[in-house]
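What follows is a set of notes on a single structure, which appears directly below.
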Amino acid sequence: SNSSAFDGGGINSPGSLTVRRSVISGNTASYGDSDGSLGDGGGIFATSKLEIIDSEIKQNEAIYFGGGIHSNYGNSTIVNSTIDVNKAKEGGCIAAGLFTEITNSTVSNNEASSVGGGIEVGGFEGRLVISNSTISNNTAVVGGGGIYDTTVQDFSRISNSTITGNSAPAGGGIEGKYS
299 SNSSAFDGGG INSPGSLTVR RSVISGNTAS YGDSDGSLGD GGGIFATSKL EIIDSEIKQN
359 EAIYFGGGIH SNYGNSTIVN STIDVNKAKE GGCIAAGLFT EITNSTVSNN EASSVGGGIE
419 VGGFEGRLVI SNSTISNNTA VVGGGGIYDT TVQDFSRISN STITGNSAPA GGGIEGKYS
């Protein structure tokens, strides 16, 4: 259990990061600017390639983006992992800006006080691919209880997955806002 006054309550990684067979739990990124530039990534703040394999990211909190994970500058791969009970303003579980692939994993019981209770992905190069995974029981106060997707090029794909029990006023399961 750790706390950061800025980004990355548990881990702040300026380079490529692989998390394997690990638990990242009870961390907080607590300080935030009004523009959301600090206080991101309660569990992990990654600025390059991120791989999470056979791991648990749980009970982390960020004041702004990515309660569990904030990966805005590099591609992210999550395999055989559970991301559970994380909180943030946006992207309770994951906030991502580039390619994010989630396989054989569970994203559940995460909360956002704005959008993307489970996952928030967006931007011009944002892309979300989910396969053989479960996105369940996530909540957002504004929109996208399970997934909030604002990818500019509409590249998100979901296959052989279950999206259930998520809640938000707009898009309980998925809310997409494409340009």
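In my numbering, each residue's number is its place in the sequence shown (first place is 1) plus 298. Glycine included, each C-beta is placed from N, C-alpha and C at the ideal position.
Checklist entry - Are Ile361 and Ser412 close, meaning C-beta to C-beta below 8 Å? => result Residue 361 sits at position 63 when you count from the first residue of the sequence shown. Residue 412 sits at position 114 when you count from the first residue of the sequence shown. No, the Cβ-Cβ distance between Ile361 and Ser412 is not below 8 Å.
Item to check | Contact belief for Gly340 with Gly365 at Cβ below 8 Å, rounded distance in angstroms | outcome: Position 42 of the sequence shown, counting from 1, holds the residue named residue 340. Position 67 of the sequence shown, counting from 1, holds the residue named residue 365. Contact flag correct, Cβ pair sits at about 5 Å.
Next on the checklist: So within the stretch 403-445, which uninterrupted alpha helix (DSSP H) runs reach at least 4 residues, ignoring any that extend past its ends?
Outcome noted: The stretch 403-445 contains no whole alpha helix (DSSP H) run of 4 or more residues.
Next on the checklist: Report the start-end ranges of each beta strand (DSSP E) in the stretch 338-400 that is 3 residues or longer and not cut off at the edges.
Outcome noted: Within the stretch 338-400, the runs of beta strand (DSSP E) that reach at least 3 residues and sit entirely inside it are, in chain order, 342-344, 348-351, 354-356, 367-369, 374-377, 380-382, 392-394.
Checklist entry - Where do the N-terminal and C-terminal ends of the beta strand (DSSP E) with Asn310 fall, by residue? => result Against the sequence shown, residue 310 aligns to sequence position 12. Here the beta strand (DSSP E) through Asn310 covers 309-311.
Next on the checklist: Rounded to the nearest angstrom, what separates Thr449 and Ala394 at their Cα positions?
Outcome noted: For this step, residue 449 is matched to residue 151 along the sequence shown. For this step, residue 394 is matched to residue 96 along the sequence shown. If you take the alpha carbons of Thr449 and Ala394, they lie about 10 Å apart.
Item to check | Distance between Thr462 and Asn435 (C-alpha atoms, nearest Å) | outcome: The residue labelled residue 435 in the question sits at position 137 within the sequence shown. The residue labelled residue 462 in the question sits at position 164 within the sequence shown. So the two alpha carbons sit approximately 7 Å from each other.
Checklist entry - When burial is assigned at 16 or more other CB atoms within 10 Å of the CB, is Ala344 buried or exposed? => result In the sequence shown, counting from the first residue as 1, residue 344 sits at position 46. Buried: at least 16 other Cβ atoms inside 10 Å.
Next on the checklist: I'd like to confirm the pairing. Which residues does DSSP put opposite Asp447 in its beta bridges?
Outcome noted: In the sequence shown, residue 447 corresponds to position 149, counting from 1. Asp447 pairs with Val419, Gly474.
Item to check | Thr460 versus Gly471, Ser454, Asn310, Ala466, residue with shortest Cα-Cα distance | outcome: As a position in the sequence shown, residue 460 is number 162, starting the count at 1. It is Gly471 whose Cα lies nearest to the Cα of Thr460.
Next on the checklist: Quick check on Ala466: does DSSP put it in helix, strand or coil?
Outcome noted: Translated into positions along the sequence shown, residue 466 becomes position 168. DSSP, read as helix, strand or coil, puts Ala466 in coil.
Item to check | Distance, Asp305 Cα to Gly337 Cα | outcome: Taking the sequence shown and counting its residues from 1, the one referred to as residue 337 is at position 39. Taking the sequence shown and counting its residues from 1, the one referred to as residue 305 is at position 7. Between Gly337 and Asp305, the C-alpha separation is close to 5 Å.
Next on the checklist: Using a Cβ-Cβ cutoff of less than 6 Å, which residues in the same chain neighbour Asn370 once the five nearest sequence positions on both sides are dropped?
Outcome noted: As a first step, residue 370 is located in the sequence shown; it is residue number 72 there, counting from the start. Shown here for Asn370: same chain residues with a beta carbon closer than 6 Å to its own, the five before and five after excluded, namely Gly395 in chain order.
Next on the checklist: Whole angstroms are fine: how far does the CA of Ser320 sit from the CA of Glu354?
Outcome noted: For the purposes of this step, residue 354 is identified with residue 56 of the sequence shown, where counting begins at 1. For the purposes of this step, residue 320 is identified with residue 22 of the sequence shown, where counting begins at 1. Computed Cα separation, rounded: 6 Å.
Checklist entry - By DSSP, does Leu315 sit in helix, in strand, or in coil? => result On the sequence shown, position 17 is the one that residue 315 refers to. Looking at Leu315 - three-state DSSP - the assignment turns out to be strand.
Item to check | Distance between Thr401 and Asn310 (C-alpha atoms, nearest Å) | outcome: Residue 310 sits at position 12 when you count from the first residue of the sequence shown. Residue 401 sits at position 103 when you count from the first residue of the sequence shown. Spanning the two alpha carbons is a distance of roughly 24 Å.
Checklist entry - Taking the DSSP output, what are the residues bridged to Ser459? => result As a working note, residue 459 is residue 161 in the sequence shown. Bridge partners of Ser459: none, in fact.
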